[in-house]
Amino acid sequence: LTFGGVMFMHNYSGGGQLLCLGICTVLYVMFTWWRDIVREAVFEGQHTSVVQEGLRLGMILFIVSEVMFFFAFFWAFFTSSLTPVFNIGGVWPPVSIEVISPWGLPLLNTILLLSSGATVTWAHHAIVAGFKQESETALYLTLTFAIYFTTFQFLEYIEAPFSISDGVYGSTFFMATGFHGFHVIIGTIFLTICLIRLYFNR
Numbered sequence: 001l002t003f004g005g006v007m008f009m010h011n012y013s014g015g016g017q018l019l020c021l022g023i024c025t026v027l028y029v030m031f032t033w034w035r036d037i038v039r040e041a042v043f044e045g046q047h048t049s050v051v052q053e054g055l056r057l058g059m060i061l062f063i064v065s066e067v068m069f070f071f072a073f074f075w076a077f078f079t080s081s082l083t084p085v086f087n088i089g090g091v092w093p094p095v096s097i098e099v100i101s102p103w104g105l106p107l108l109n110t111i112l113l114l115s116s117g118a119t120v121t122w123a124h125h126a127i128v129a130g131f132k133q134e135s136e137t138a139l140y141l142t143l144t145f146a147i148y149f150t151t152f153q154f155l156e157y158i159e160a161p162f163s164i165s166d167g168v169y170g171s172t173f174f175m176a177t178g179f180h181g182f183h184v185i186i187g188t189i190f191l192t193i194c195l196i197r198l199y200f201n202r
């Protein structure tokens, strides 16, 4: 997936095919993992309290690793913006970079993210309390917000007046927001599976 993505971005022969193969492989692994989780939990009853604690600990460690992952991007941003080097003109944003206004799509996407956080929390509390219809409604709203966020992020990338190759500003912006958008897409897939399982009373 990574090699295919890099090859595709640099227009190497076979990059697109390798990227598609990587995406298909990841989707297949996700499908088989979910299938096994559902099979073990619902049909085989293997999700004892010990197994559930292990899954919970695994998720906590995963979240901690993600925090550190994004910490690196924030470190790059703050290092570059608070102490700009002479190569970029000694100012931030660099000379000749036209920035995106924070009051347009970025503000709307921030509102969508905060709203989706509220609705997914609502869904979680509704599931714990046993309110199936309410939790389904909250998950539908969350997925709607996520789809709108991803769409607006894509539009922002298309309309951006700079690219990933525009020095440290472009690379930091596109790497941080790109990986964040990728996480939103993965979260959307996970929540879709949760909604399907909820619909079938699992």
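Here the sequence shown stands for residues 1 to 202, where the numbers follow the UniProt record's numbering.
Quick reminder that beta carbons are idealized off the backbone N, C-alpha and C, glycines included.
Because the structure is a prediction, the values reported are computed rather than measured.
Task: First through last residue of the alpha helix (DSSP H) which encompasses D36 - done: 15-38
Task: Where W92 sits in the DSSP three-state scheme - done: coil
Open item on the list: By the three-class DSSP mapping on this structure, what secondary structure does V128 have?
Closed with: helix
TODO: Verify whether the separation of the beta carbon atoms of F145 and S116 is less than 8 Å.
DONE: yes
Open item on the list: Measuring straight from C-alpha to C-alpha, what distance separates E134 and Y140?
Closed with: 10 Å
- [ ] Assign L1 to one of three DSSP states: helix, strand, or coil.
- [x] coil
- [ ] Use the C-beta contact count for T172: other C-beta atoms within 10 angstroms, 16 or more gives buried, fewer gives exposed.
- [x] buried
- [ ] Tell me whether A126 is buried or exposed, calling it buried when 16 or more other Cβ atoms sit within 10 Å of its Cβ.
- [x] buried
Open item on the list: On the CB-based measure, 16 or more other CB atoms within 10 Å of its CB, does P161 come out buried or exposed?
Closed with: exposed
Task: Alpha carbon of V120 to alpha carbon of F69, nearest angstrom - done: 23 Å
Open item on the list: Check whether the segment 60-76 and the segment 172-182 are in contact - that is, three or more C-beta pairs closer than 8 Å.
Closed with: yes
- [ ] Return the residue from the list P93, G4, I147, L107 that minimises the CA-CA distance to V26.
- [x] G4
TODO: Mind checking which residues open and close the alpha helix (DSSP H) that includes I185?
DONE: 167-199
Open item on the list: For T83, report the span of its alpha helix (DSSP H) as first-last.
Closed with: From DSSP, T83 is part of no alpha helix (DSSP H); its letter is neither H nor E.
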